[in-house]
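Asker: Residue numbers (the numbering used here): 455 to 784.
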Amino acid sequence: MSLNIKPNAYQERHSSHPAFDKIKQSCIEELNKKGFNVDVYLLRGGVGVRLLDKNHPSLAHIAHLPIIEFDFDYSGEPSLEHLSFFSLQGLRLSQSNLSSFSELERFNLKKLYLNGVQATDFESLSIHPLIELSLQRTNVKSLKFLGKSSIEVLFLSQTEVTNKELEYLKGKKLRKIDLFKCPVSDLSSVCQDHLEEVVISGSQVEDLSPLSESPIKKLEMRATKIESLTPISNCPLEILHLPGSRISCLKAISYCPILELNLIGLDIADLSPLLNMPLRKLSISRDDLNEKQIGILEQLDLKVLHSPNDPMDQKPVDFFRKIWKTRSDQ
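#1: Alpha carbon to alpha carbon, how far is Ser-708 from Ile-680? Give it in angstroms, no decimals.
#2: Are Ile-670 and Ile-686 touching if we call contact CB-CB under 8 Å?
#3: Helix, strand or coil: how does DSSP classify Phe-634 here?
#4: Nearest by alpha-carbon distance to Thr-678: which of Lys-672, Ser-666, Leu-696, Ser-668 is it?
#5: If Ser-578 sits next to Phe-555, beta carbons under 8 Å apart, how far is it from one beta carbon to the other, in whole angstroms?
#6: Between Ser-550, Asp-742, His-518, Phe-539, which lies nearest to Leu-505 when the distance is taken from Cα to Cα?
#7: Evaluate Ala-514 with the Cβ neighbour count: other Cβ atoms within 10 Å of its Cβ, from every protein chain shown; 16 or more gives buried, anything less gives exposed.
#8: Sort Asp-647, Leu-641, Arg-740 by Cα distance to Leu-633 and report the nearest one.
#9: Please list the segments of the beta strand (DSSP E) lying wholly inside the stretch 667 to 710, counting only runs of 3 or more residues, in order along the chain.
#10: Jot down the residue ranges of each uninterrupted beta strand (DSSP E) in the stretch 591 to 624, minimum 3 residues, whole runs only, in chain order.
#11: Is the CB-CB distance between Asn-763 and Ser-737 below 8 Å?
#12: Please report the distance separating the alpha-carbon of Leu-662 from that of Cys-689.
#13: Let me know the beta strand (DSSP E) ranges lying completely inside the stretch 518 to 605, each 3 residues or longer, listed in chain order.
#14: Check this for me: beta carbons of Phe-561 and Leu-537, under 8 Å apart or not?
#15: According to DSSP, is Leu-756 helix, strand or coil?
#16: Measuring alpha carbon to alpha carbon, tell me which of Gln-646, Leu-720, Gln-543 ends up nearest Ser-761.
#17: Are the beta-carbon atoms belonging to Leu-589 and Glu-557 less than 8 Å from one another?
#18: Suppose the cutoff is 7 Å on Cβ atoms and the five residues either side in sequence are ignored; what does the same chain contact list for Ser-553 look like?
#19: Secondary structure at Gly-489, three-state DSSP: helix, strand or coil?
#20: Any idea which residues DSSP pairs Asn-716 with across the strands?
#21: Got a sec, what are the start and stop residues for the alpha helix (DSSP H) Val-653 sits in?
#22: Count the other CB atoms, across all protein chains shown, that sit within 10 Å of the CB of Asp-525; report buried if there are 16 or more and exposed otherwise.
#23: For Val-771, which three-state DSSP category applies?
#24: Pop quiz: Leu-429 and Gln-646 are said to be a contact at Cβ under 8 Å. What is the actual Cβ separation, rounded to whole angstroms?
#25: Label Ser-787 either buried or exposed according to how many other C-beta atoms from any shown protein chain fall within 10 Å of its C-beta, with 16 as the threshold for buried.
#26: Please report the Cβ distance between Cys-710 and Leu-728, rounded to the nearest whole angstrom; I am assuming they are in contact, meaning their Cβ atoms lie under 8 Å.
#27: Please classify Gly-749: does DSSP put it in a helix, a strand, or coil?
#28: In the DSSP assignment, find the beta strand (DSSP E) that holds Arg-504 and state where it starts and stops.
#29: Beta-carbon separation of Leu-673 and Ile-701 under 8 Å?
#30: Which same chain residues end up closer than 8 Å to Ile-777 when comparing Cβ atoms and leaving out the 5 residues on each side of it in sequence?
#31: Tell me the rounded alpha-carbon separation between Lys-398 and Met-731.
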């Protein structure tokens, strides 16, 4: 049996207060004793439990624990029996053979991860006070069921959601939205005052103007037809991924507080705008760099500098060593 502590990407409690550690440790000991094969992570208001084995004991045996989220991390039918014993706020059913979302109507969920689930009665989800929802790789075509929700985090990658459906999100306090490989070309419906993270990689978006007034901190726009970064020149960007886009100039974002930048595969002649950024991590294609570009990279105070096929945490010294070795061998 294995038991590990895992962080939750969106609701992890960062405090190391002894009281929280004690609660976590108590849950670990109890789950060990009951024979569960799980991961455990702290959440605001309780703990989350990731069930790794479908042949786990009855959940009724641990109903006294402060569990507010379950992640059924196995394929097949999720064991929803006895979940009513818990004050659940979240469920992750991304590998499940859930036939109907109506099976979840007995709960009152703020967070749902349903990636790849084949059920199609999305209107059944409207009864939940959803704040965070993931429908990646599902058959969702309409977002009408979110019309009265207070949704803040929404993952829709590889779905058929269109511009028209995004209109149901107008007025929402969206903080994060993932539209990876969605047939979407217009972001105006989702660009609100709270939007901080956007993924539009592989989408049909060509213009970033709707983002100009949003407090965007993270933007992924790989494999898009976007040619200009000017609309986001005043955004508080910290993370920007550009591979596969049509970007050829970085001047517009010279003074954005970018910490992580991915330029792999891009033909950008002038790298001098990088000198104005507080960069800590840079991904860039090494083979075609000229002497001037290399000189600019050497001036950056980077923690990580890598090219394709390099270790993701490669230090700058190793990056430059590979450059000089390649050139000395030629």
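Think of the CB as a built atom: it goes at the ideal place given N, C-alpha and C, for glycine as much as any other residue.
Since the model is a prediction, treat every value here as computed from it, not as a measurement.
Answerer: If we stick to the structure as given:
#1: When the Cα atoms are used, Ile-680 and Ser-708 turn out to be separated by approximately 18 Å.
#2: In terms of Cβ geometry, Ile-670 and Ile-686 form a close pair [threshold 8 Å].
#3: Correct three-state label for Phe-634: coil.
#4: Taking each of Lys-672, Ser-666, Leu-696, Ser-668 in turn and checking the Cα distance to Thr-678, the smallest one comes out for Leu-696.
#5: 4 Å between Cβ atoms; contact.
#6: Cα-wise, what sits closest to Leu-505 is Ser-550.
#7: Ala-514 counts as exposed, since fewer than 16 other beta carbons sit within 10 angstroms of its beta carbon.
#8: Ranking Asp-647, Leu-641, Arg-740 by CA distance to the CA of Leu-633 puts Leu-641 first.
#9: Within the stretch 667 to 710, complete beta strand (DSSP E) segments of at least 3 residues are found at 672 to 674, 693 to 695, given in chain order.
#10: The beta strand (DSSP E) runs of length 3 or more contained entirely in the stretch 591 to 624 are, from start to end of the chain, 607 to 609.
#11: Between Asn-763 and Ser-737, the CB-CB gap reaches or exceeds 8 Å.
#12: If you take the alpha carbons of Leu-662 and Cys-689, they lie about 11 Å apart.
#13: Whole beta strand (DSSP E) segments, 3+ residues: 521 to 526, 544 to 546, 565 to 567, 586 to 588.
#14: Yes. Within cutoff.
#15: Here Leu-756 carries a coil assignment [DSSP, helix/strand/coil].
#16: Minimum Cα distance to Ser-761 is reached at Leu-720.
#17: Cβ distance not < 8 Å, so Leu-589 and Glu-557 don't count as in contact.
#18: Excluding sequence neighbours, Ser-553 sits near Ala-573.
#19: Of the three classes helix, strand and coil, the one that applies to Gly-489 here is coil, per DSSP.
#20: Asn-716 pairs with His-695, Ser-737.
#21: Note, Val-653: premise wrong, no alpha helix (DSSP H); beta strand (DSSP E) at 651 to 653.
#22: By the Cβ-count criterion, Asp-525 is buried, with 16 or more other Cβ atoms from all chains shown falling within 10 Å of its own Cβ.
#23: It is helical.
#24: Summary: the structure shown does not reach residue 429, with the chain confined to residues 455 through 784, and so no result is reported for it.
#25: Residue numbering for the chain in the displayed model covers 455 to 784; residue 787 lies beyond these limits and cannot be assessed.
#26: Actually they are not in contact, since the Cβ atoms of Cys-710 and Leu-728 sit about 11 Å apart, beyond 8 Å.
#27: Helix at Gly-749.
#28: 500 to 505 is the span of the beta strand (DSSP E), which, as asked, contains Arg-504.
#29: No, Cβ-Cβ distance for Leu-673 and Ile-701 is not below 8 Å.
#30: The residues are Arg-740, Leu-743, Ile-748.
#31: With the chain represented from 455 up to 784, any question about residue 398 goes unanswered, as that position is not in the structure.
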